[in-house]
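K.L.:
Start counting the sequence shown at 2; every next residue gets the next number (the working numbering). Ideal Cβ positions, reconstructed from N, Cα and C, are used throughout, including at glycine. The model shown is predicted, which means the values in this text are computed figures rather than measured ones. Structure provided below as structure tokens; questions to follow.
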Amino acid sequence: MKEPEKIHLKFLGGARTVTGSKTLLEVGDTKILIDCGLFQGLKELRRKNWQKIIRDASEIDCVLLTHAHLDHCGYLPILVKNGFKGKIYCTHPTRELATIVLRDSGKIQEEDANRANRYEYSSHSPAMPLYTQAHAEAVSKHFSTHNYEEWVLIEPEIKFQFLNAGHILGSAMVELKMHGRTFVFSGDIGRTNPMLLYPPKKMPQADYLIVESTYGDREHDTTDVKTELELIIKETHRRGGILMVPTFSIERVQEIMFLIYQLRKDGRMPEIPVYLDSPMGIRATEIFEDYPKWQDLSREDLKHMYEGIRWVNTYEASKAIVKDKKSKIVLAGSGMLQGGRILHYLNAHMGNENNTLLFTGYQAEGTRGRSILNGSSSIKFFGEYHKAKCQIASISSLSAHGDRTELIEWMKHFKAAPKKVFLNHGEPHQLDAFRVWIQSKLGWEVVVPCPEESFEV
């Protein structure tokens with residue numbers, strides 16, 4: 002009887018951290034990468050982006066991309082720059098969204114390097130971008146797109162399918178059958194009842210489960226999110242203030258606009274202008290409009306949900322809105338205050354206690370957003386420190402990640418326990434808490450991999 006092929010599973014990123022997702026599967030000479038994301042947040046993590054974590058990119062046969070968030074796709078330009086020649090498999094919306102995410106990332110990195118050189122506040126001389134817009138554009142020719150539940154053959158003994166993850170438009174779990182073994186990579190799993198999308202697909206079976214743990218230590222707040230947003234809007238408007246909402250351009254900004262549309266429709270919104278000042282957010286919203294069947298919304302909602310939102314298309318228009326001190330709502334990237342036009346609004350309006358800075362998504366360790374939420378009185382950007390005198394608010398129930406109870410309920414649909422569960426995409430305390438939670442609720446064997454740790458399965 003022939004010995005089964007040895008398969009090695011190596012966690013190159015997303016191990017004991019939320020960002021930098023990269024998991025390598027090796028069998029014989031075949032190497033498959035699941036996700037290829039950027040490290041974000043703490044400086045020690047961001048430094049890893051400059052290291053050659055993948056020794057020889059030309060040896061990677063293909064990439065299976067779960068979704069278009071930067072911490073899952075943002076390293077692709079470096080992979081291609083370093084010699085990757087294979088296919089990047091993803092869903093149709095993911096290709097379109099990843100294209101704009103990567104282009105925007107290259108642009109921001111070029112701008113940051115240029116600004117650092119101009120004002121001489123970088124520790125490197127000259128400051129260089131991690132990659133450029135041109136490097137980002139070079140990724141597009143590698144995409145191979147597929148629908149959910151469509152089996153794709155990589156080799157005679159290796160095939161996979163994407164399944165709806167309910168996290169963002171086009172997000173997917175990966176079911177991979179390889180030499181008689183079944184692997185399920187959760188990617189990022191959405192809520193049980195997502196606002197705009199269909200719920201995550203239930204999985205019947207896996208030999209090995211690799212699952213995210215972003216909120217593995219808690220349940221989400223059950224406060225009605227629409228009411229919470231309504232109160233924040235009305236209170237800021239009563240003070241004559243500006244509501245600044247740093248938004249993630251994919252899914253979160255569309256959810257905020259949908260909530261504003263519902264509040265207006267119900268007569269629960271004051272007369273206040275709402276601006277979407279995010280070039281990438283505008284482009285992402287246009288992509289959302291191209292994929293109505295991938296969203297769990299009525300025709301009426303799909304038709305009207307973006308009405309009344311003023312899209313800011315030019316930098317000149319953005320500068321004029323920044324200067325205007327009248328009460329308004331501004332949705333601008335980036336979601337963790339790591340770049341984008343939101344910084345110009347903070348520069349102009351964060352020092353006024355009548356204004357509000359509203360967080361609506363996860364703030365990774367080491368980001369400006371996390372610093373503010375943790376109570377810091379000032380944050381550094383544009384080379385200097387800025388005091389935060391405005392009101393700080395947060396809506397945690399808007400998360401696009403399932404909490405520990407939702408993740409456990411998803412796992413309960415497995416007909417049998419996997420041979421092993423690997424936890425990734427979480428900070429150490431979340432991972433450890435979720436490991437204990439799974440073992441107590443399901444009795445499954447759970448492993449929390451270290452960075453670059455390899456397992457034979």
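Taking Cβ to Cβ, would you say S214 is nearer than 8 Å to D189?
P.N.:
Here residue 214 refers to the residue found at position 213 of the sequence shown. Here residue 189 refers to the residue found at position 188 of the sequence shown. Against a cut-off of 8 Å, the Cβ pair of D189 and S214 comes out as no contact.
K.L.:
Does the beta-carbon of Q339 have 16 or more other beta-carbons within 10 angstroms, so that it is buried, or is it exposed?
P.N.:
Here residue 339 is taken as the residue at index 338 of the sequence shown, counted from 1. Buried, since its Cβ has 16 or more Cβ neighbours within 10 Å.
K.L.:
Checking 8 Å against the spacing of the C-beta atoms, do I169 and E252 come in under that value?
P.N.:
By one-based count along the sequence shown, residue 169 stands at place 168. By one-based count along the sequence shown, residue 252 stands at place 251. Going by C-beta atoms, I169 is nearer than 8 Å to E252.
K.L.:
Can you name the start and end residues of the beta strand (DSSP E) that S126 belongs to?
P.N.:
For the purposes of this step, residue 126 is taken as the residue at position 125 of the sequence shown. Premise fails: S126 is in no beta strand (DSSP E) and is neither H nor E.
K.L.:
Report yes if the CB atom of T357 is closer than 8 Å to the CB atom of I261, and no otherwise.
P.N.:
Locating residue 357 in the sequence shown gives position 356, counting from the first residue. Locating residue 261 in the sequence shown gives position 260, counting from the first residue. Against a cut-off of 8 Å, the Cβ pair of I261 and T357 comes out as no contact.
K.L.:
Determine the direct distance from the alpha carbon of Q440 to that of L71, and round the result to whole angstroms.
P.N.:
For the purposes of this step, residue 71 is identified with residue 70 of the sequence shown, where counting begins at 1. For the purposes of this step, residue 440 is identified with residue 439 of the sequence shown, where counting begins at 1. Rounded to whole angstroms, L71 to Q440 spans 31 Å at the Cα level.
K.L.:
Using 10 angstroms around the beta-carbon of E256, count the other beta-carbons present and answer buried if the total reaches 16, otherwise exposed.
P.N.:
To locate residue 256, count along the sequence shown from 1; it is residue 255. Flag for E256 reads buried.
K.L.:
For F163, which beta-bridge partners are listed by DSSP?
P.N.:
As a working note, residue 163 is residue 162 in the sequence shown. Note: F163 sits in a beta bridge opposite V175.
K.L.:
Decide if E220 is buried, meaning its Cβ has at least 16 other Cβ atoms within 10 Å, or exposed.
P.N.:
Residue mapping note: residue 220 aligns to position 219 of the sequence shown, counting from 1. It is exposed - the Cβ of E220 has fewer than 16 other Cβ atoms within 10 Å.
K.L.:
Which residue wins for smallest C-alpha separation from P293, given the options L198, V226 and F161?
P.N.:
The residue given as residue 293 occupies position 292 in the sequence shown. Of the listed residues, the one whose Cα sits closest to P293 is L198.
K.L.:
Looking at the unbroken alpha helix (DSSP H) that takes in D411, where does it start and where does it end?
P.N.:
Here residue 411 refers to the residue found at position 410 of the sequence shown. The identity of residue 411 in the sequence shown is Trp, whereas the question assumes Asp. R405 to M412 is the extent of the alpha helix (DSSP H) around W411.
K.L.:
Can you tell me where the alpha helix (DSSP H) holding A58 begins and where it ends?
P.N.:
Your numbering for residue 58 matches position 57 in the sequence shown. That residue, A58, is in no alpha helix (DSSP H); it is neither H nor E in DSSP.
K.L.:
When the distance is taken between beta carbons, is F163 closer than 8 Å to H147?
P.N.:
If you number the sequence shown from 1, residue 147 lands on position 146. If you number the sequence shown from 1, residue 163 lands on position 162. For H147 and F163, yes; Cβs fall inside 8 Å.
K.L.:
Mind the definition here: the stretch 114–132 touches the stretch 306–319 only if three or more C-beta pairs lie below 8 Å; say whether that holds.
P.N.:
The answer is no - the stretch 306–319 does not touch the stretch 114–132, with fewer than three Cβ pairs under 8 Å.
K.L.:
So what's P293 in DSSP terms, helix, strand or just coil?
P.N.:
By one-based count along the sequence shown, residue 293 stands at place 292. Helix.
K.L.:
So T368 and M337 are supposed to be a Cβ contact under 8 Å. How far apart are they, rounded?
P.N.:
Locating residue 368 in the sequence shown gives position 367, where the first residue counts as 1. Locating residue 337 in the sequence shown gives position 336, where the first residue counts as 1. Going by Cβ atoms, the distance from T368 to M337 rounds to 4 Å, so yes, they are a contact pair.
K.L.:
R300 lies in the alpha helix (DSSP H); which residues open and close that run?
P.N.:
Indexing the sequence shown from 1 puts residue 300 at position 299. R300 to H305 is the extent of the alpha helix (DSSP H) around R300.
K.L.:
In this structure, does DSSP put G444 in helix, strand or coil?
P.N.:
Position 443 of the sequence shown, counted from the first residue, corresponds to residue 444. G444 falls in the coil class under three-state DSSP.
K.L.:
Shortest alpha-carbon distance to S141 belongs to which of R104, P201 and Q364?
P.N.:
Here residue 141 is taken as the residue at index 140 of the sequence shown, counted from 1. With distances taken between Cα atoms, S141 lies closest to R104.
K.L.:
How far does the beta strand (DSSP E) with A117 in it reach, from first residue to last?
P.N.:
Within the sequence shown, the letter at position 116 stands for residue 117. Premise fails: A117 lies in the alpha helix (DSSP H), H93 to Y120, not in any beta strand (DSSP E).
K.L.:
Report all residues from its chain with a CB closer than 7 Å to the CB of L43; omit the five preceding and five following residues, and keep chain order.
P.N.:
Taking the sequence shown and counting its residues from 1, one reaches residue 43 at position 42. Excluding sequence neighbours, L43 sits near E366 and G367.
K.L.:
Helix, strand or coil: how does DSSP classify W312 here?
P.N.:
For the purposes of this step, residue 312 is taken as residue 311 along the sequence shown, with counting starting at 1. W312 falls in the strand class under three-state DSSP.
K.L.:
Here's a check: name, in chain order, each residue in its chain whose Cβ is nearer than 6 Å to the Cβ of F40, leaving out the five neighbours to either side.
P.N.:
Along the sequence shown, read from residue 1 onward, the residue named residue 40 stands at position 39. The residues are T20, G21, L46, R47, K49 and N50.
K.L.:
Looking at the unbroken beta strand (DSSP E) that takes in H147, where does it start and where does it end?
P.N.:
For the purposes of this step, residue 147 is identified with residue 146 of the sequence shown, where counting begins at 1. Unbroken beta strand (DSSP E) run through H147: F144 to H147.
K.L.:
Is it buried or exposed for N165, if we count other Cβ within 10 angstroms and need 16 for buried?
P.N.:
To locate residue 165, count along the sequence shown from 1; it is residue 164. By the 10 Å Cβ count, N165 comes out buried.
K.L.:
What does the alpha-carbon distance come out to for the pair D267 and I283?
P.N.:
Start at 1 with the first residue of the sequence shown, and residue 267 comes out as number 266. Start at 1 with the first residue of the sequence shown, and residue 283 comes out as number 282. Their Cα atoms are separated by approximately 25 Å.
K.L.:
Taking Cβ to Cβ, would you say K203 is nearer than 8 Å to H414?
P.N.:
Here residue 203 is taken as the residue at index 202 of the sequence shown, counted from 1. Here residue 414 is taken as the residue at index 413 of the sequence shown, counted from 1. Yes, these two residues count as a Cβ contact at 8 Å.
K.L.:
So, is L399 buried or exposed, given that buried needs 16 or more other C-beta atoms within 10 angstroms?
P.N.:
Numbered from its first residue, the sequence shown carries residue 399 at position 398. It counts as buried.
K.L.:
Provide the residue span of the beta strand (DSSP E) that contains F423, from first to last.
P.N.:
Position 422 of the sequence shown, counted from the first residue, corresponds to residue 423. Taken as a continuous stretch (DSSP letters only), the beta strand (DSSP E) holding F423 covers K421 to N425.
K.L.:
Going by C-alpha distance, which of Q263, Y120 and V437 is nearest F382?
P.N.:
Looking up residue 382 in the sequence shown gives position 381. For the residues Q263, Y120 and V437, the minimum Cα distance to F382 belongs to Y120.
K.L.:
Classify V437 as buried or exposed, calling it buried when 16 or more other Cβ atoms lie within 10 Å of its own Cβ.
P.N.:
For the purposes of this step, residue 437 is taken as the residue at position 436 of the sequence shown. Classification of V437: exposed, given that the 10 Å Cβ count is below 16.
K.L.:
Spell out the partners DSSP gives M245 in its beta bridges.
P.N.:
Start at 1 with the first residue of the sequence shown, and residue 245 comes out as number 244. Paired residues: V331 and L358.
K.L.:
Per DSSP, what kind of secondary structure is G386 in: helix, strand or coil?
P.N.:
As a first step, residue 386 is located in the sequence shown; it is residue number 385 there, counting from the start. According to the sequence provided, residue 386 is Tyr. The question's Gly does not apply to it. The answer is strand: DSSP assigns Y386 an E or B state.
K.L.:
Taking all protein chains shown into account, decide if A401 is buried (16 or more other Cβ within 10 angstroms of its Cβ) or exposed.
P.N.:
Stepping through the sequence shown from its first residue, residue 401 is reached at position 400. So A401 ends up on the buried side.
K.L.:
Beta carbon of A117, beta carbon of A128: below 8 Å?
P.N.:
If you number the sequence shown from 1, residue 117 lands on position 116. If you number the sequence shown from 1, residue 128 lands on position 127. The answer is yes: Cβ separation under 8 Å.
K.L.:
Using the beta-carbon count (16 or more within 10 Å), is H333 buried or exposed?
P.N.:
In the sequence shown, the residue the question calls residue 333 occupies position 332. The sequence shown places Ala at residue 333, rather than the His named in the question. It counts as buried.
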